[in-house]
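Just so you know, our numbering puts the end of the sequence shown at 317, numbered straight through with nothing missing.
Shown next, in structure tokens, is the structure this report addresses.
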Amino acid sequence: MTLPRHSSLRVKYRQSLRNLFTVISIVSEPLRSKARSKALARVALLKSDQAVKDSPPLLVLMVYRARNVQVVQIFLRQVGSNADVRLWALDEIAPELASQTLGCGPGVRFNHFNSLYRAKPIEPGSWLILTDDDVFFIKGSPTTTINMMKRAGFSLAQPGQSILGWWTDLFSIARPLVLARDTNCVEQGPMVFADPSFAALLLPLPEVNDMGWGIEAEWYRMKEGRFRIGIVDECRVVHWGKVANSYPAGPEMAGMHERLSKSGIDSIWQLRSANSYWWKWQRTPPWSEI
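Structural data, given as structure tokens:
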């Protein structure tokens with residue numbers, strides 16, 4: 028699949044739409060906050076996914092802050108006890124997560140992911156999850172996401188985001204009546220899934236001094252002509268914390284534009300595009316027939 032042609036008019040339209048929904052989200056934040064809290068409380072009472080025992084080997088890499096320990100615990104319960112979970116604490120090691128925390132100290136996300144990746148051997152055939160510490164499933168689970176990826180033929184994917192959480196762009200929000208989208212972009216956060224083949228190319232991540240904005244362009248070039256990537260709308264996660272709230276966005280934007288330029292891509296808006304939709308009434312994804 029080729030990227031859509033860059034259109035300044037279309038970019039302005041999408042930016043205006045995003046800005047509108049951002050304002051709506053901010054205005055409705057008191058209601059959204061209550062809904063997030065209720066969702067967290069509801070999910071906290073659920074038992075672990077019974078399908079976890081049938082999951083393939085799974086490697087989970089996460090960098091966390093102690094204040095988010097409750098959300099981390101809920102997500103790890105959704106992952107299941109058989110996963111190879113490797114955590115890095117940014118500030119202090121949470122006692123509840125001590126057995127799975129392999130390192131502690133400040134720094135940037137990608138470099139900590141690499142330290143966790145290199146900490147010990149990985150079980151052959153492992154799927155990979157790279158995740159933030161403030162995200163959890165309110166529909167579906169990690170196992171469901173992997174099963175949907177297998178059905179859709181995705182090697183790299185992200186679950187759709189709930190409108191209740193904090194999101195970067197409307198592109199990542201789960202679509203109603205859609206099971207999955209074949210896309211040109213999978214955002215590096217808040218949660219990324221990769222099958223064993225793509226994970227082998229993905230890791231180790233580039234050693235950088237920033238948060239890696241624009242890495243999606245490199246992933247697009249990595250998948251081009253070889254893999255299919257997408258968004259699993261059937262599964263939904265809530266991103267609890269505000270995006271880019273703990274670091275300045277200016278340098279990250281500069282880094283993103285540099286990565287886009289090196290990859291020969293005009294705009295991040297080109298990447299945030301869908302090639303095809305798998306609707307709920309379709310038994311198989313339409314691209315499986317191509």
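Ideal Cβ placement from N, Cα and C applies to all residues, glycine included.
Here the structure is a predicted model, which is why all the values come from computation and not from measurement.
At least 8 Å separates the beta-carbon of Val98 from that of Asp196. The three-state secondary structure of Phe163, taken from DSSP, is strand. In the DSSP annotation of this structure, the continuous segment of the beta strand (DSSP E) that includes Arg208 starts and ends at 205-210.
Val264 places its beta carbon less than 8 Å from that of Gln188.
Within the model, the alpha-carbon separation for Leu124 versus Arg32 is close to 47 Å. His266 places its beta carbon less than 8 Å from that of Trp194. Annotation: Val235 is outside any beta strand (DSSP E) and is labelled neither H nor E by DSSP. Taking one beta carbon from each stretch, the segment 161-179 and the segment 90-106 have 3 or more pairs nearer than 8 Å; the two touch.
For Gly252, the closest of Cys262, Asn211, Ala301 by C-alpha to C-alpha distance is Asn211. When DSSP reads this structure, Ala184 sits in a beta bridge with Phe220, Gly257. The residues Leu232, Val235, Gly239, in chain order, have a CB closer than 6 Å to that of Phe137 in the same chain once the five nearest residues on each side in sequence are set aside.
In the DSSP annotation of this structure, the continuous segment of the alpha helix (DSSP H) that includes Ile242 starts and ends at 242-250. Straight-line spacing of the CA atoms in Trp306 and Arg113 works out to 35 Å. The C-alpha of Leu183 is placed about 10 Å away from the C-alpha of Pro223.
Under the three-state reduction of DSSP output, Thr195 falls in the coil class, being neither helix nor strand. For Gly152, the CB contacts under 8 Å within the same chain, skipping 5 residues up- and downstream, are Pro83, Pro84, Pro223 in chain order.
Secondary structure of Asn302 (DSSP, three-state): strand. In the same chain as Ile156, and ignoring 5 residues on each side of it, the C-beta atoms closer than 6 Å to its own belong to Val87, Phe220, in chain order.
A direct Cα-to-Cα measurement between Ala68 and Ala281 gives close to 39 Å. In the structure shown, Ile295 adopts helical secondary structure according to DSSP, grouped into three states. For Val90, the enclosing beta strand (DSSP E) starts and ends at 85-91.
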